[in-house]
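Accompanying notes for the structure given below.
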Amino acid sequence: MSQKKDRVINGTFDDEYNGWTFKSKSINSAYLNQPHQSFGNPDGSVKLMLDNKEKFKGDYGYYEQNITIQEKLSVDKLALLSFDYYSELRIPVNVSAYLAIIIDNVEKNITYDFPTYIQSNSWEKLTLVYDPTVVGQILPGNVTVRVGVYSTGYHSSGGQKGYFSIDNIQFDLWTMPNQMNIVGIQDIEFNSNSNRTYVNSTYGNGYYYNATERTYTANKEIIFTISQNITDIDDFEIETITINVNLLKRINSTIQGLDGSLYTSGVPTTWTTEIIISMPLDYINNRAEILKSSDWNITHIYDGYAIDRIQSCTGTSSGSSKFFIPNGVLSSGLWRIEATSQNYISSGSMGMWNGSIFNNASSITYNDKFQITATLNEALELLLTNTQLNCSIEYPNGTIFWEGTQTSPSLNVKFGNFTVGNNMSVGTYQVKLVWTNNETALYRDKVGFLQFGFNVWHYTNLTAVNDYEEKVSGEPFLMKVNFTDYSSNLYIDFATVTFNSTFGPSGDMIYFGSGIYVVDLDINAFTIGDHYFSFNASKQYYENQSIRNLIHLKIIEQPLALEVPQTVISADANSYAVFQINVTGAISRTPLPGPVNVSTDWQKNFTISDDELGHVTLNLSTDNIPLESIIKTYTVTIFANKT
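According to the numbering used here, the sequence shown holds residues 232 to 874 in order.
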């Protein structure tokens, strides 16, 4: 923006010499100022006498005015210094009319030779036209205006007396103004009769800003007028008008077609939103200014081609309330913004009542009283109005046990009291605490989240189905115990149940169903007498049971029985007859392990081999029998006893 203005004060000399100083240099006082004249072109002028005296090169007589201009020079604009003159009597030689502009010691001048250019007995005009920036003059600064006469060479005295009258000195200069309200701007749509405020930002530059949002459903022209709003200037020019249209789009604009942002609770909280940017083809210098919460840290800015543009953007860190996508980076398409923010819930816990206070605990059981406590970030102390804290407690299967909300809470919030009853099965319960800074989801930009768990466990019972049994060694023995939930009176399935015994055998028991755990125990090796079994039963969220000597097994004596699988043996003379004998219990009918004493009434040599597993081999010698060369049958009696 530029303005052209006459910078001279009292250039018409209507106020006599006010603002002007006459200066001369001449040994003989050849140039003399005359009294102010009431007549001029048309009224008021100054008069300079060119006396009939000797003049030397460099002599002068001129009128001077000093001006301070606090504006910058316009670029590519011409300055004009001019005045009207009236020459009388003689026309001297080697004398010129002199016009000069000096800005901070940089002078631009022009001279007009009297015999060549100056006319007599009429008002005429002389001018100096130039570009101040070309000659190196710079504003703001001090300006000196000079008009008068100048000796360009030597001239002797005599025959040259004349008068030179000056009027209407004018210095038209284009500058870039530095003042408010230099123009008036009217926005036709809102109020065509009201000027909007023009704000000057620097020399020759300023702006008008209308923050009123406009929403149109179709194409519409926006019309505004710009007019000069200052006086006492000769001309006014606006070189460039730049129209900046700010499209304001909330960062929680849309996500998957729905208003708002998607946030994922955690530490930290993550936010995702999408902005559809559409720019007409004839728009240039496009950029985006996107409002955000000052505690958001933008982590990714993906353009419509899924290219991350965050390195080209500014204002993305926490602490700023907006970020910018600059010209050259912004393009049409679906932009995706991702950000993180701090978690505004500092801590949370479950407290169990100990009879006087709630102490922090991680597990509770039947009939225990408990409550949930949440502590919010101290930074929220003055920001809790119109906020809400949600608490939900989930069963181990993910369904809701309880949920509640407190609005405009304090920094320390308690939910409960609760009592563990039959409605609380065993397992890990999840507590989810969510704080939000506004109940309206569309404007939510601060979130706190905390999740923690606590365990509910039950008391148990471990009992024997039969706590005393009598068995003979080798008899089948199915040992059974019952593991039940004491708190709910329900059986406990698929627990880990182990056993060991005083005799030595140990191992795992198998779940049979309905809380019954069994083991089919081989008691062949059990000696006669008393044997005791101890058990351990465990399962997550249940009281562990470890009971010694829960089951008493008594192994009793039984008659010995000998089994000879083959009662008739054929053998050659002078060889051996081999008998296989099974030593079993008469009741259990199973082989009896351990050593056994076996004898026979065979009159010849014999040997006995005992594997101590209830199997005996009897070898009878047939040496020298029979004496006759005939087949002969012998009856053998076998005797056995076992301790």
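A virtual CB, placed ideally from N, CA and C, is assigned to each residue, including glycine.
Backbone CA spacing between residue i and residue j [nearest angstrom]
i	j	result
I529	Y536	19 angstroms
E612	V665	17 angstroms
F244	G289	27 angstroms
K480	Q459	Note that K480 scores a pLDDT of 46, beneath 50, so its modelled location is shaky and nothing firm can be said.
T821	G705	6 angstroms
L823	L844	6 angstroms
M232	Y348	37 angstroms
N648	W633	12 angstroms
T545	Y361	45 angstroms
I397	G271	8 angstroms
V644	L607	8 angstroms
E774	L693	10 angstroms
A592	Q602	10 angstroms
V239	N352	26 angstroms
Y317	W354	5 angstroms
I258	L320	23 angstroms
E420	N436	25 angstroms
L309	S382	28 angstroms
A570	Y533	12 angstroms
N483	S524	Because the pLDDT of N483 is 48, which lies under 50, any placement of that residue in the model is unreliable, and the question is left without a value.
I818	Q789	6 angstroms
A695	Y575	54 angstroms
Y514	P499	39 angstroms
N836	I856	12 angstroms
S623	W584	20 angstroms
F253	N264	7 angstroms
F810	I754	28 angstroms
S577	S656	29 angstroms
R567	I506	6 angstroms
L784	T758	11 angstroms
F646	D418	56 angstroms
Environment of residue i [buried if 16+ CB atoms lie within 10 Å]
i	result
L404	buried
S572	buried
K451	exposed
P707	exposed
L281	buried
V547	According to the sequence as given, residue 547 is Thr; it is not Val. Looking at its Cβ environment, which holds 16 or more other Cβ atoms inside 10 Å, T547 is buried.
Y674	exposed
P363	buried
Q391	buried
S509	exposed
H386	buried
V365	exposed
DSSP beta-bridge partners of residue i
i	result
K286	H386
D466	K235
D307	D307 is not bridged to any residue.
S313	T358 and Q401
H783	Y699 and Y763
A792	T815
I595	V687
Nonlocal neighbours in the same chain, by C-beta distance under 7 angstroms from residue i, ignoring five residues either side
i	result
G242	N399, I400 and Q401
A871	L791, L793, V814, V827, N828 and V829
T495	T501
Y438	V430 and S432
Nonlocal neighbours in the same chain, by C-beta distance under 8 angstroms from residue i, ignoring five residues either side
i	result
F683	G579, S580, M581, Q661 and V662
D335	Q368, I369, G372 and N373
E338	A331 and I332
T864	none
Own chain partners of residue i with C-beta closer than 6 angstroms, once the 5 adjacent residues on each side are dropped
i	result
D246	none
K256	D290 and Y291
K303	L370, M407 and Y434
N457	The sequence given here places Ile at residue 457; Asn does not occur at that position. Around I457: V414 and I416.
S718	Y597, H689 and Y690
G250	I240, N241 and Q296
D676	S524
D466	K235
Min CB distance residue i to chain D below 8 angstroms
i	result
D832	Any reference to chain D falls outside this structure, which holds one protein chain only.
heavy atom of the ligand ATP below 7 angstroms from residue i C-beta
i	result
V657	As far as ligands go, the structure on display features none, and thus does not contain the ligand ATP.
Below 8 angstroms, how does it come out for the stretch 700-715 and the stretch 792-812: are there three or more Cβ pairs, yes or no? no
Using 8 angstroms as the cut-off, can you tell me whether the stretch 592-608 makes contact with the stretch 551-561, which would need three or more C-beta pairs spanning the two stretches below that distance? no
Whether or not the stretch 339-353 and the stretch 292-305 are in contact is what I'm after, with contact meaning three or more pairs of Cβ atoms, one per stretch, closer than 8 angstroms; do they touch? no
Validate contact between the stretch 322-341 and the stretch 407-417 using beta carbons, cut 8 angstroms, 3 pairs: no
Using 8 angstroms as the Cβ pair cut-off and three pairs as the minimum, do the stretch 632-641 and the stretch 684-700 touch? no
Closer than 8 angstroms is the cut-off here; do at least three beta carbon pairs connect the stretch 725-733 with the stretch 761-777? yes
Touch test, the stretch 308-321 against the stretch 354-369, Cβ-Cβ under 8 angstroms, three pairs minimum: yes
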